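As structure tokens, the structure follows; a few thoughts come after it.
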Amino acid sequence: MGRFSMPLFLIPAPQFPDTFLTTALPMKKKRFKKEHIVTSVVAVIVDEEERVLLTRRSIPPFKNLWVMPGGKIDLGEPILDALKREVREEVGIEVDVDDLIDVFEHVTPGEDKYHFVIIYYLCRPLSCSIVHNEDEVSEVAWVAFPDLAGYHLAEGAGFILEKVIPKFRKSGVSGSAHA
Numbered sequence: 001m002g003r004f005s006m007p008l009f010l011i012p013a014p015q016f017p018d019t020f021l022t023t024a025l026p027m028k029k030k031r032f033k034k035e036h037i038v039t040s041v042v043a044v045i046v047d048e049e050e051r052v053l054l055t056r057r058s059i060p061p062f063k064n065l066w067v068m069p070g071g072k073i074d075l076g077e078p079i080l081d082a083l084k085r086e087v088r089e090e091v092g093i094e095v096d097v098d099d100l101i102d103v104f105e106h107v108t109p110g111e112d113k114y115h116f117v118i119i120y121y122l123c124r125p126l127s128c129s130i131v132h133n134e135d136e137v138s139e140v141a142w143v144a145f146p147d148l149a150g151y152h153l154a155e156g157a158g159f160i161l162e163k164v165i166p167k168f169r170k171s172g173v174s175g176s177a178h179a
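Quick look at the structure:
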């Protein structure tokens with residue numbers, strides 16, 4: 001383990017073959033069964049007009065909240081393939097992946113524990129013609145950056161948007177909105 005007291009995850013940035021990003025995610029002492037570790041990808045899709053694509057979830061988790069498209073990585077599926085698949089499944093568009101934004105982990109409290117690892121990528125849409133999956137998504141909106149404060153975002157969505165779009169730091173989009 002070297003000079004670090006906790007193991008590190010190394011997250012490669014596959015779109016940049018010569019570059020590897022290292023993100024330190026401290027490991028908890030508690031151990032969970034492998035079937036309770038869920039790895040997901042989320043696409044922060046920003047168009048040429050500086051609008052972000054939001055979806056209002058119709059199913060848990062985050063039912064009735066606004067989030068960015070994303071979902072679980074299937075066993076053996078490359079990360080970027082999973083990202084593009086989830087975007088296609090939820091909103092019916094293709095995207096170009098620009099960059100890795102960040103990696104977060106979350107462990108749910110209570111008896112039935114889950115350990116989530118969520119990988120966020122900045123993406124550009126190849127088209128803006130949305131055909132959403134009504135089984136998972138009740139609404140879809142291209143939202144201008146200044147208007148994000150009017151949407152009731154899931155906490156993680158607001159946090160990521162504030163990180164990606166510095167203009168939002170002044171408007172407070174971290175999930176406390178009312179829409």
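Residue numbers for the sequence shown follow UniProt numbering, beginning at 1 and rising by one.
Glycine residues also receive a C-beta, built at the ideal position from the N, C-alpha and C atoms.
Please read all numbers here as calculations on a predicted model, not as lab measurements.
With DSSP run on the structure shown, which of helix, strand or coil describes residue 118? Numbered from 1 along the sequence shown, position 118 holds the residue referred to as residue 118. If DSSP states are grouped into helix, strand and coil, residue 118 belongs with the strands.
Please report the distance separating the alpha-carbon of residue 120 from that of residue 58. Indexing the sequence shown from 1 puts residue 120 at position 120. Indexing the sequence shown from 1 puts residue 58 at position 58. Each residue's alpha carbon lies about 21 Å from the other.
With a floor of 3 residues, list each beta strand (DSSP E) that falls wholly inside the UniProt domain "Nudix hydrolase" (36–166), ordered by position along the chain. 37–45, 51–57, 70–72, 95–107, 115–125 and 137–144
Any chance the stretch 154–164 sits against the stretch 72–79, with 3 or more Cβ pairs inside 8 Å? Counting Cβ pairs under 8 Å, fewer than three are found: no touch.
Quick check on the burial criterion: 16 or more other C-beta atoms within 10 angstroms. Buried or exposed for residue 109? Residue mapping note: residue 109 aligns to position 109 of the sequence shown, counting from 1. Residue 109 should be labelled exposed.
If we count Cβ pairs, one from each stretch, closer than 8 Å, do we get three or more for the stretch 50–66 versus the stretch 96–109? Short answer: they don't touch.
Counting pairs of Cβ atoms below 8 Å between the stretch 129–140 and the stretch 38–45, do you hit three or more? Flag = no, the stretch 129–140 and the stretch 38–45 do not touch.
Between the Cα of residue 148 and the Cα atoms of 54, 103 and 83, which residue gives the shortest distance? As a position in the sequence shown, residue 148 is number 148, starting the count at 1. Measuring from the Cα of residue 148, the nearest candidate turns out to be 54.
To the nearest angstrom, how far is it from the Cα of residue 103 to the Cα of residue 80? Along the sequence shown, one-based indexing puts residue 103 at 103. Along the sequence shown, one-based indexing puts residue 80 at 80. Looking at the two C-alpha atoms, the distance is approximately 14 Å.
Which word fits residue 157, buried or exposed, when buried means at least 16 other C-beta atoms lie within 10 angstroms of its C-beta? If you number the sequence shown from 1, residue 157 lands on position 157. Classification for residue 157: buried.
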